[in-house]
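Participant:
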Amino acid sequence: MLPPYLMVALGALGAAALTKFIATENRRVNDILDKQRPEDGTEPAPTPLERDPATGAYRPRAQASGTADETARPKD
1201 MLPPYLMVAL
1211 GALGAAALTK
1221 FIATENRRVN
1231 DILDKQRPED
1241 GTEPAPTPLE
1251 RDPATGAYRP
1261 RAQASGTADE
1271 TARPKD
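In case it helps, the working numbering puts the sequence shown at residues 1201 to 1276.
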């Protein structure tokens, strides 16, 4: 069995190596995502959500392409 100070030293070395690996992966993934970002830097418009009264979940709002009766709430 290893002396406690060696186990602590190996643990610290492993933690440092893991931190370096995570930082490298973080930079790599961010570079990939930056290449996919639009050139003008604008974000897409957020999708408006509305609450479904039956389930309580939020869902994308239906587009108002028809009459007002189609988008009205169902009567209980």
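No residue lacks a Cβ here, since even glycine has one placed at the ideal position from N, Cα and C. Remember, it's a predicted structure, so these values are computed and weren't measured experimentally.
Could you check the C-alpha separation between Pro1242 and Arg1251 for me, to the nearest Å?
Facilitator: Reading the sequence shown from its first residue, position 42 is the one you call residue 1242. Reading the sequence shown from its first residue, position 51 is the one you call residue 1251. This sequence places Thr at residue 1242; Pro is not what is there. For Thr1242 and Arg1251, the distance between alpha carbons rounds to 27 angstroms.
Participant: From the DSSP output, which residues share a beta bridge with Glu1250?
Facilitator: Your numbering for residue 1250 matches position 50 in the sequence shown. Arg1259.
Participant: Please list the terminal residues of the continuous alpha helix (DSSP H) segment that includes Leu1213.
Facilitator: Counted from its first residue, the sequence shown places residue 1213 at position 13. Where Leu1213 is concerned, the enclosing alpha helix (DSSP H) stretches over 1204-1236.
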